[in-house]
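One structure is given below, encoded as structure tokens.
Residue numbers (the numbering used here), protein chains in the order written: chain A, 1 to 112; chain B, 113 to 226.
This is the structure we're talking about:
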């Protein structure tokens, strides 16, 4: 079973502040790294799928970087808004070929 | 475009009862997945189907069976429900099974086994 670690487990951020959190994954046999956003009472939605070392992806105020050699990815949120409150999941292929192994997530709460 | 749909949304079973969770996608995806979500745990893969006619075990397959009925539908069956199977079940699909493609999730089925 692969180990995908996310930190911190939860995070309270003031509206307007920027924040970031980490996903660590096995650096050997890298294939892809996924980030998902999961709002309460909804289903997870994909943010990014990253495949190249040094990759940086951006969607609005959210961006992510990838370091496959050392096995980590950072997710950044610039100028946090209340609608950014959600659990952010990272996932790594494994534990069954096509399926994903998910981290436990970072629960982000934006305080007005 | 409905995406991934799941039925039922909620279900309560008694220990030993059986039931089938239904999942369908309308995106012409080849790969489909079943995950379970438990408090304090990440989403865990139960079974997946890389293409129509194939299914494979994931991390936590015990107590479950699956059927890939056709390209659209992937069902999960609990033959004899146990309290340990109380969970939220998510179905997902992706274009291919190469894991370089994002997965699209259904709304989930909340199952309670008493």
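We put the beta carbon where it would ideally sit given N, CA and C, even for glycine.
| query | result |
| --- | --- |
| Just to confirm the assignment: which complete beta strand (DSSP E) runs, minimum length 3, are found wholly within the segment 139 to 200 of chain B? | 143 to 149, 156 to 161, 176 to 180 and 186 to 190 |
| Rank B:140, B:174 and B:200 by C-alpha distance to the C-alpha of residue 208 of chain B and give the top, closest one. | B:140 |
| Would you kindly check if the distance between the Cβ of residue 201 of chain B and the Cβ of residue 157 of chain B is under 8 Å? | no |
| Measuring CB atoms only, is the segment 11 to 26 of chain A touching the segment 185 to 198 of chain B, in the sense that at least three cross pairs come out at less than 8 Å? | no |
| For residue 214 of chain B, which residues in chain A fall below 7 Å Cβ to Cβ? | 34, 46 and 49 |
| From this set, B:148, B:165 and B:171, which residue's C-alpha is nearest residue 220 of chain B's C-alpha? | B:148 |
| If you run the structure through DSSP and keep just helix, strand and coil, what is residue 219 of chain B? | coil |
| Mind checking whether residue 20 of chain A and residue 72 of chain A have CB atoms under 8 Å apart? | no |
| Kindly list, in the order they appear in chain A, the residues whose Cβ is closer than 8 Å to that of residue 153 of chain B. | 104 |
| Write down the C-beta distance between residue 100 of chain A and residue 215 of chain B rounded to the nearest angstrom, noting that I regard them as a contact closer than 8 Å. | 7 Å |
| So that I know if they touch, is there some Cβ in chain B lying closer than 8 Å to that of residue 74 of chain A? | no |
| Can you list, in chain order, the residues of its chain whose CB lies under 7 Å from that of residue 90 of chain A, leaving out five sequence neighbours each side? | 4, 6, 23, 33, 34, 35, 73 and 103 |
| Using the beta-carbon count (16 or more within 10 Å), is residue 150 of chain B buried or exposed? | exposed |
| For residue 115 of chain B, which of A:56, A:81 and A:44 has the nearest alpha-carbon? | A:44 |
| Please go through the same chain and pick out, in chain order, the residues whose beta-carbon is closer than 6 Å to the beta-carbon of residue 107 of chain A, but skip the five residues on each side of it. | 10 and 87 |
| Which first and last residues belong to the beta strand (DSSP E) in which residue 93 of chain A is found? | 86 to 93 |
| From what residue to what residue does the beta strand (DSSP E) around residue 76 of chain A run? | 72 to 77 |
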